[in-house]
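Peer 1: Residue numbering for the sequence shown follows full-length UniProt numbering, starting at 1 and increasing by one per position. Yeah, the Cβ is synthetic: ideal placement off N, Cα and C, and Gly gets one too. Source: prediction; values computed, not measured.
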Amino acid sequence: MELLSNFQKREIIAEEILTNKELIVDYDRRRNSNREALSKLKKELSSEKKVWVNLGDLFVKMPKQNIETMIRKDQETLDSEITDIREAMKEKVVELEKLEGGDGSKAKAFQLKAMTKT
1 MELLSNFQKR EIIAEEILTN KELIVDYDRR RNSNREALSK LKKELSSEKK
51 VWVNLGDLFV KMPKQNIETM IRKDQETLDS EITDIREAMK EKVVELEKLE
101 GGDGSKAKAF QLKAMTKT
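Now the structure itself:
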(Lines of atoms letter the chains of each structure in order from A and count residues from 1; the text may use other names and numbers.)
(Lines give C-alpha, C1' and ligand atoms only; values in the text may rest on other atoms or scores of the structure.)
Protein backbone atom coordinates (compact mmCIF):
# COMPACT_ATOMS: atom_id res chain seq x y z
CA MET A 1 0.00 0.00 0.00
CA GLU A 2 2.89 2.37 0.79
CA LEU A 3 4.37 1.71 -2.66
CA LEU A 4 1.10 2.56 -4.36
CA SER A 5 0.67 5.73 -2.33
CA ASN A 6 4.23 6.85 -3.17
CA PHE A 7 3.63 6.12 -6.85
CA GLN A 8 0.39 8.12 -6.80
CA LYS A 9 2.11 11.09 -5.17
CA ARG A 10 4.85 11.00 -7.81
CA GLU A 11 2.30 10.86 -10.62
CA ILE A 12 0.34 13.79 -9.19
CA ILE A 13 3.45 15.94 -8.79
CA ALA A 14 4.73 15.03 -12.26
CA GLU A 15 1.37 15.94 -13.77
CA GLU A 16 1.38 19.29 -11.94
CA ILE A 17 4.86 19.99 -13.33
CA LEU A 18 3.72 19.23 -16.88
CA THR A 19 0.60 21.36 -16.46
CA ASN A 20 2.72 24.25 -15.23
CA LYS A 21 5.05 23.89 -18.22
CA GLU A 22 2.10 24.11 -20.60
CA LEU A 23 0.78 27.13 -18.73
CA ILE A 24 4.14 28.88 -19.04
CA VAL A 25 4.17 28.21 -22.79
CA ASP A 26 0.65 29.67 -23.13
CA TYR A 27 1.55 32.74 -21.08
CA ASP A 28 4.74 33.20 -23.09
CA ARG A 29 2.79 33.12 -26.36
CA ARG A 30 0.49 35.79 -24.98
CA ARG A 31 3.49 37.86 -23.90
CA ASN A 32 4.91 37.63 -27.42
CA SER A 33 1.58 38.72 -28.91
CA ASN A 34 1.53 41.68 -26.55
CA ARG A 35 5.07 42.62 -27.57
CA GLU A 36 4.08 42.47 -31.23
CA ALA A 37 1.03 44.65 -30.54
CA LEU A 38 3.11 47.26 -28.70
CA SER A 39 5.59 47.30 -31.57
CA LYS A 40 2.81 47.81 -34.13
CA LEU A 41 1.33 50.62 -32.05
CA LYS A 42 4.68 52.41 -31.95
CA LYS A 43 5.78 51.88 -35.54
CA GLU A 44 2.81 51.52 -37.86
CA LEU A 45 0.12 53.33 -35.89
CA SER A 46 2.21 56.12 -34.43
CA SER A 47 0.13 58.88 -36.01
CA GLU A 48 -3.23 57.43 -34.91
CA LYS A 49 -4.99 58.72 -31.80
CA LYS A 50 -7.59 55.95 -31.64
CA VAL A 51 -7.15 52.39 -32.83
CA TRP A 52 -9.30 49.29 -33.08
CA VAL A 53 -8.69 46.59 -30.50
CA ASN A 54 -10.20 43.12 -30.13
CA LEU A 55 -11.49 42.51 -26.61
CA GLY A 56 -12.71 38.93 -26.64
CA ASP A 57 -15.58 38.79 -29.13
CA LEU A 58 -15.83 42.55 -29.49
CA PHE A 59 -13.95 45.10 -31.57
CA VAL A 60 -13.71 48.51 -29.93
CA LYS A 61 -12.09 51.76 -31.03
CA MET A 62 -10.14 53.15 -28.08
CA PRO A 63 -7.49 55.79 -27.44
CA LYS A 64 -4.08 54.41 -28.28
CA GLN A 65 -2.63 55.47 -24.92
CA ASN A 66 -5.24 53.43 -23.03
CA ILE A 67 -4.49 50.37 -25.11
CA GLU A 68 -0.75 50.68 -24.51
CA THR A 69 -1.37 50.98 -20.78
CA MET A 70 -3.61 47.90 -20.80
CA ILE A 71 -1.04 45.86 -22.70
CA ARG A 72 1.80 46.93 -20.41
CA LYS A 73 -0.22 45.99 -17.32
CA ASP A 74 -1.00 42.63 -18.90
CA GLN A 75 2.72 42.15 -19.59
CA GLU A 76 3.58 42.85 -15.95
CA THR A 77 0.90 40.43 -14.77
CA LEU A 78 2.11 37.73 -17.14
CA ASP A 79 5.73 38.24 -16.07
CA SER A 80 4.86 37.86 -12.40
CA GLU A 81 2.64 34.83 -13.08
CA ILE A 82 5.40 33.12 -15.06
CA THR A 83 7.92 33.82 -12.30
CA ASP A 84 5.57 32.42 -9.67
CA ILE A 85 4.87 29.30 -11.72
CA ARG A 86 8.58 28.69 -12.30
CA GLU A 87 9.28 28.97 -8.56
CA ALA A 88 6.47 26.51 -7.82
CA MET A 89 7.83 24.14 -10.47
CA LYS A 90 11.28 24.20 -8.90
CA GLU A 91 9.79 23.22 -5.55
CA LYS A 92 7.76 20.43 -7.17
CA VAL A 93 10.85 19.07 -8.93
CA VAL A 94 12.74 18.90 -5.61
CA GLU A 95 9.75 17.19 -3.99
CA LEU A 96 9.51 14.71 -6.87
CA GLU A 97 13.19 13.86 -6.64
CA LYS A 98 12.85 13.23 -2.90
CA LEU A 99 9.89 10.91 -3.52
CA GLU A 100 11.98 9.02 -6.07
CA GLY A 101 14.61 8.34 -3.45
CA GLY A 102 17.01 11.22 -4.00
CA ASP A 103 18.01 13.83 -1.48
CA GLY A 104 16.90 16.77 -3.62
CA SER A 105 20.42 18.01 -4.26
CA LYS A 106 20.29 17.48 -8.04
CA ALA A 107 17.15 19.56 -8.43
CA LYS A 108 18.36 22.21 -5.99
CA ALA A 109 21.26 22.93 -8.35
CA PHE A 110 18.68 24.45 -10.72
CA GLN A 111 17.33 26.84 -8.09
CA LEU A 112 19.96 29.46 -8.76
CA LYS A 113 18.97 33.09 -8.46
CA ALA A 114 19.91 35.64 -11.10
CA MET A 115 22.52 38.20 -10.19
CA THR A 116 21.24 41.75 -10.07
CA LYS A 117 23.11 44.96 -10.69
CA THR A 118 23.40 47.15 -7.63
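When we look at the beta-carbon of Ile12 and count the other beta-carbons within 10 Å, is it buried (16 or more) or exposed?
Peer 2: exposed
Peer 1: Where does Leu58 fall in DSSP's three states?
Peer 2: strand
Peer 1: For Val60, count neighbouring C-beta atoms within 10 Å of its own C-beta (all shown protein chains included) and say buried if the count is 16 or more, exposed if not.
Peer 2: exposed
Peer 1: Taking 9 Å as the cut-off, decide whether the C-beta atoms of Ile72 and Leu45 are in contact.
Peer 2: For clarity, residue 72 is Arg in the given sequence; the question names Ile instead. No. Outside cutoff.
Peer 1: Nearest to Ile85 by CA position, among Ile17, Leu4, Arg29 and Phe7, is which residue?
Peer 2: Ile17
Peer 1: Is the Cβ-Cβ distance between Asn32 and Lys92 less than 9 Å?
Peer 2: no
Peer 1: From Ala88 to Asn34, what does the alpha carbon distance come to, in whole angstroms?
Peer 2: 25 Å
Peer 1: Tell me the residue span of the alpha helix (DSSP H) that contains Ser80.
Peer 2: Lys64 to Leu99
Peer 1: For Val94, count the other beta carbons within 10 Å of its own beta carbon; 16 or more makes it buried, fewer makes it exposed. Which is it?
Peer 2: buried
Peer 1: Lys42 by DSSP, collapsed to three states: which one?
Peer 2: helix
Peer 1: What residues match up with Lys21 in a beta bridge as DSSP calls it?
Peer 2: Lys21 pairs with nothing; no bridge assigned.
Peer 1: Measure the C-alpha to C-alpha separation of Lys42 and Tyr27 and round it to an integer number of angstroms.
Peer 2: 23 Å
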